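This note's numbering puts the first residue of the sequence shown at 47, with every later residue one more than the last. For glycine and all other residues, C-beta sits at the position ideal for the given N, C-alpha and C. Computed from a predicted model, the values in this text were never measured in an experiment. Following: one structure in structure tokens, then a few remarks.
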Amino acid sequence: MIDWSLQATVPNNGKVALVTGAARGIGLGVAAWLIAEGWQVVLADIDRARGSRVAKALGENAWFVAMDVAHESQVAVGVAEVLGQFGRLDALVSNAAIAEPHNPPLESLELARWNRVLAVNLTGTMLLAKHCAPYLRAHQGAIVTIASTRAHQSAPDSEAYAASKGGLLALTHALAMSLAPEIRVNAVTPGWIDARDPSARKEAPLTELDHDQHPLGRVGVVEDVAAQVAWLLSDNASFVTGQEFMVDGGMTRKMIYLD
């Protein structure tokens, strides 16, 4: 686990990353991991109060900008603020999403709800890539999108979320072709990640069955995703683009039949 109390002591490597949906969960875990590796990280989120609070807790290599990624004007202004503050952008982690996978039964699914989920989970990534691309290109940067195993597997009443994440995978490889060779674009696809705050984990701990059903014997944590994202943003992944990386403990490879 990342020791947040050490964040402020890590030397800055001069590179700047924008992480959306970074006030909590996977986005916050990614931001903390990158700061631990020396990145200057801009945390973007619609939740101003919490975003400002966690950025302050992460230390001087963290900075917060308010942004609803579904609105192009806010994306444009937010990216401009990043450039005005730091003068460069090396990485985009497009994580912001309406993370509730369930919607009402199809017959009662309101178009407004469908449109909002796709606007945040899918269109937001397009808008971010559009406005970040010129600055990423200048520094041979990289984009990582955060998808979901629900792009491949579904439960009932999950049409909006599944469609948004499936579309995100297609958008990822389309962007990889459009932005090559200067910008690499890849997707990380988490499975079950316990991204809850520590207090929520303590109040409602996961069961042995939750963990044991995974081939690797446990539910994932945000650091599992963050480590994969950090590698994809690094020079070690300089020959990798247009790809999807599952971080799911093996669940999408497990043959499941009821006895």
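Own chain, CB closer than 7 Å to residue 83, minus 5 neighbours either side, in chain order: For the purposes of this step, residue 83 is identified with residue 37 of the sequence shown, where counting begins at 1. The answer, listed in chain order, is 276.
Segment contact, 8 Å Cβ cut-off, at least three pairs: the stretch 262 to 275 with the stretch 214 to 231: The answer is no - the stretch 214 to 231 does not touch the stretch 262 to 275, with fewer than three Cβ pairs under 8 Å.
Delimiting residues of the alpha helix (DSSP H) encompassing residue 161: Position 115 of the sequence shown, counted from the first residue, corresponds to residue 161. Boundaries of the alpha helix (DSSP H) around residue 161: 157 to 164.
C-alpha gap between residue 121 and residue 64, whole angstroms: For the purposes of this step, residue 121 is taken as the residue at position 75 of the sequence shown. For the purposes of this step, residue 64 is taken as the residue at position 18 of the sequence shown. Their backbone Cα atoms lie some 11 Å apart in a straight line.
Residue burial classification, residue 141 (beta-carbon count within 10 angstroms, cutoff 16): On the sequence shown, position 95 is the one that residue 141 refers to. Buried, by the Cβ-count rule.
Backbone CA spacing between residue 166 and residue 102 [nearest angstrom]: For the purposes of this step, residue 166 is taken as the residue at position 120 of the sequence shown. For the purposes of this step, residue 102 is taken as the residue at position 56 of the sequence shown. If you take the alpha carbons of residue 166 and residue 102, they lie about 26 Å apart.
Residues that residue 86 bridges to, as DSSP identifies them: In the sequence shown, counting from the first residue as 1, residue 86 sits at position 40. For residue 86, which the question treats as bridged, DSSP gives the partners 62.
Endpoints, beta strand (DSSP E) assigned at residue 110: Taking the first residue of the sequence shown as position 1, residue 110 is located at position 64. Here the beta strand (DSSP E) through residue 110 covers 108 to 112.
The stretch 150 to 167 touching the stretch 73 to 83, judged by at least three CB pairs closer than 8 Å: Under the Cβ criterion (8 Å, minimum of three pairs), the stretch 150 to 167 does not count as touching the stretch 73 to 83.
Presumed contact (8 Å Cβ cut-off) between residue 9 and residue 235, rounded CB distance: Here the chain comprises residues numbered 47 to 305, so residue 9 is not present and cannot be evaluated.
Beta-carbon proximity list for residue 62, same chain, < 6 Å, skipping 5 on both sides: Taking the first residue of the sequence shown as 1, we reach residue 62 at position 16. Cβ neighbours of residue 62 beyond the five flanking positions: 86, 132, 134, 135, 136.
Beta-carbon spacing of residue 169, residue 113 below 8 Å: Counting from 1 along the sequence shown, the entry for residue 169 is found at position 123. Counting from 1 along the sequence shown, the entry for residue 113 is found at position 67. At the C-beta level, residue 169 and residue 113 stay beyond 8 Å of one another.
Residue 301, DSSP secondary structure in three states: Looking up residue 301 in the sequence shown gives position 255. If DSSP states are grouped into helix, strand and coil, residue 301 belongs with coil.
Cα-Cα separation between residue 96 and residue 278, rounded to whole angstroms: Taking the sequence shown and counting its residues from 1, one reaches residue 96 at position 50. Taking the sequence shown and counting its residues from 1, one reaches residue 278 at position 232. Taking the straight line joining both Cα atoms gives about 27 Å.
Helix, strand or coil at residue 236 [DSSP, three-state]: Against the sequence shown, residue 236 aligns to sequence position 190. Strand.
Per-residue DSSP class, three states only, for residue 98: Reading the sequence shown from its first residue, position 52 is the one you call residue 98. Reduced to three states, the DSSP call for residue 98 is helix.
Residues near residue 50 by beta carbon distance below 7 Å, same chain, minus five either side: Here residue 50 is taken as the residue at index 4 of the sequence shown, counted from 1. Note that residue 50 scores 48 on pLDDT, short of 50, meaning its location in the model is unreliable; the coordinates nonetheless yield the value given after this. 78, 103, 104.
At least 3 beta-carbon pairs within less than 8 Å: the stretch 143 to 152 vs the stretch 193 to 203: With the rule of 3 Cβ pairs closer than 8 Å, the stretch 143 to 152 counts as touching the stretch 193 to 203.
Residues bridged to residue 292 [DSSP beta-bridge criterion]: For this step, residue 292 is matched to residue 246 along the sequence shown. The beta-bridge partner set that DSSP reports for residue 292 consists of 235.
Sub-8 Å separation of residue 100 and residue 139 beta-carbons: Position 54 of the sequence shown, counted from the first residue, corresponds to residue 100. Position 93 of the sequence shown, counted from the first residue, corresponds to residue 139. Taking the C-beta atoms as reference points, residue 139 is found no nearer than 8 Å to residue 100.
Rounded straight-line distance, which links the Cα of residue 72 to that of residue 89: The residue labelled residue 89 in the question sits at position 43 within the sequence shown. The residue labelled residue 72 in the question sits at position 26 within the sequence shown. Taking C-alpha positions only, residue 89 is separated from residue 72 by approximately 12 Å.
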